[in-house]
Amino acid sequence: MDTNKLIPLLSDMAIFVTVIEQGNFSKAAKKLGVTPSAVSRQISRLEDALGIKLLQRTTRQLALTESGKLTFDYCKQMVESADQAVNASRSATSTVSGLLRVSAPKSLANKVLRPLFVEFLKCYPDIQLHLKVTDRILDPIHDGVDFLIHINDYPIEALVNIKIGRVEQVLCASPEFLKSHTPPTHPDDLKYLSCICLGENMVDNRWRFINENQQTTVQVAGSYLLNHSDMRRDAIEQGFGIGPLPDYIAQQGIKTGKLIPLLEDWQLTGSYQGDICLQYVQSKYLPNKNRVFIDFMKQKLLIIKSDS
Numbered sequence: 000m001d002t003n004k005l006i007p008l009l010s011d012m013a014i015f016v017t018v019i020e021q022g023n024f025s026k027a028a029k030k031l032g033v034t035p036s037a038v039s040r041q042i043s044r045l046e047d048a049l050g051i052k053l054l055q056r057t058t059r060q061l062a063l064t065e066s067g068k069l070t071f072d073y074c075k076q077m078v079e080s081a082d083q084a085v086n087a088s089r090s091a092t093s094t095v096s097g098l099l100r101v102s103a104p105k106s107l108a109n110k111v112l113r114p115l116f117v118e119f120l121k122c123y124p125d126i127q128l129h130l131k132v133t134d135r136i137l138d139p140i141h142d143g144v145d146f147l148i149h150i151n152d153y154p155i156e157a158l159v160n161i162k163i164g165r166v167e168q169v170l171c172a173s174p175e176f177l178k179s180h181t182p183p184t185h186p187d188d189l190k191y192l193s194c195i196c197l198g199e200n201m202v203d204n205r206w207r208f209i210n211e212n213q214q215t216t217v218q219v220a221g222s223y224l225l226n227h228s229d230m231r232r233d234a235i236e237q238g239f240g241i242g243p244l245p246d247y248i249a250q251q252g253i254k255t256g257k258l259i260p261l262l263e264d265w266q267l268t269g270s271y272q273g274d275i276c277l278q279y280v281q282s283k284y285l286p287n288k289n290r291v292f293i294d295f296m297k298q299k300l301l302i303i304k305s306d307s
């Protein structure tokens with residue numbers, strides 16, 4: 000395209016990115032300091048210039064068309080490149096700065112990520128970190144986050160997926176419980192012992208185990224159902240029964256002797272375990288703040304897992 004025709008479109012492309020990131024015309028207009036009708040006109044002008052439909056407009060929300068998704072990726076890269084150019088021109092020392100928005104599940108954020116984030120901010124004091132703690136897997140564009148951190152056994156195809164650690168479930172009991180109950184030597188023994196289930200769905204009382212030679216599924220039962228890891232740990236330590244815990248929660252109790260790991264030759268499989276994944280939207284030009292965060296998390300979490 001002729002440069003003279005391209006230049007007027009650059010601001011429209013930047014506004015298009017803002018509309019998608021904000022979710023609607025009104026929020027984009029508020030962020031840009033203009034009226035929603037002005038934003039709508041510029042999006043229509045961009046669509047006319049490109050000869051494509053970028054958005055499907057409804058009364059409740061905006062949805063990208065297939066052409067709109069492709070155009071958004073390139074426009075976002077343009078905005079990020081422009082942002083990098085501005086930052087580079089303002090600072091000859093290339094200070095790593097800016098806002099990072101990260102989502103993570105509650106238990107993982109509290110037990111594993113919180114001290115790492117504190118250390119990260121000490122290393123990069125010019126970065127602002129906005130942590131959204133939720134057990135729901137967010138949409139990076141719709142929910143406005145740069146990174147998703149969650150426990151997942153499968154990658155999300157639309158995102159870059161980096162394994163930065165792994166969580167396993169550890170079957171535990173308290174010393175007091177084992178004084179009055181024979182420790183299980185095979186998963187089938189759990190049928191006759193009080194077990195603490197997660198209670199999240201109908202199959203949470205069906206525990207699946209594998210070892211080198213075989214696999215088995217055991218239907219367990221107990222009087223206590225807990226889907227909160229810390230409360231489940233407390234219940235196990237108090238002798239209410241045998242239960243699974245994420246390894247990052249179980250390890251302290253095991254070290255202090257409050258918890259005894261069971262059936263260590265078997266691996267408890269299923270939900271609530273898997274790779275710790277760092278995920279983000281693919282972009283050819285990642286800001287420096289994003290790059291240093293990726294490198295930091297890869298190094299720190301993998302070290303934690305190897306030392307635990």
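To convert, note that position 106 of the sequence shown is 105 in this note's numbering; the numbers rise steadily by one, no gaps.
We put the beta carbon where it would ideally sit given N, CA and C, even for glycine.
Note that the structure is predicted; figures quoted are calculated from it, not measured.
- Taking the C-beta atoms as reference points, Leu-258 is found no nearer than 8 Å to Cys-196.
- Counting C-beta pairs closer than 8 Å gives fewer than three between the stretch 63-75 and the stretch 113-133, which falls short of the contact rule.
- Apart from sequence neighbours up to five positions away, the residues of its chain that approach Val-291 with a beta-carbon distance below 7 Å are Val-95, Tyr-123, ordered along the chain.
- Closest in alpha carbon position to Ser-66, among Met-77, Arg-44, Leu-54, is Leu-54.
- The bridge partners DSSP lists for Pro-243 are Leu-170.
- Listed in chain order, the non-local C-beta contacts of Val-159 below 6 Å within the same chain comprise Tyr-279, Gln-281, local neighbours out to five positions each way being set aside.
- If you look at Gln-218, you'll find it in the beta strand (DSSP E) that goes 214-218.
- For Asp-274, the secondary structure class from DSSP, reduced to helix, strand or coil, is strand.
- Secondary structure at Tyr-284: coil, using DSSP grouped into helix, strand and coil.
- The continuous beta strand (DSSP E) containing Leu-98 extends over residues 97-103.
- In the structure shown, the three-state DSSP call for Ala-108 is helix.
- Arg-165 has its alpha-carbon roughly 12 Å from the corresponding atom of Ile-148.
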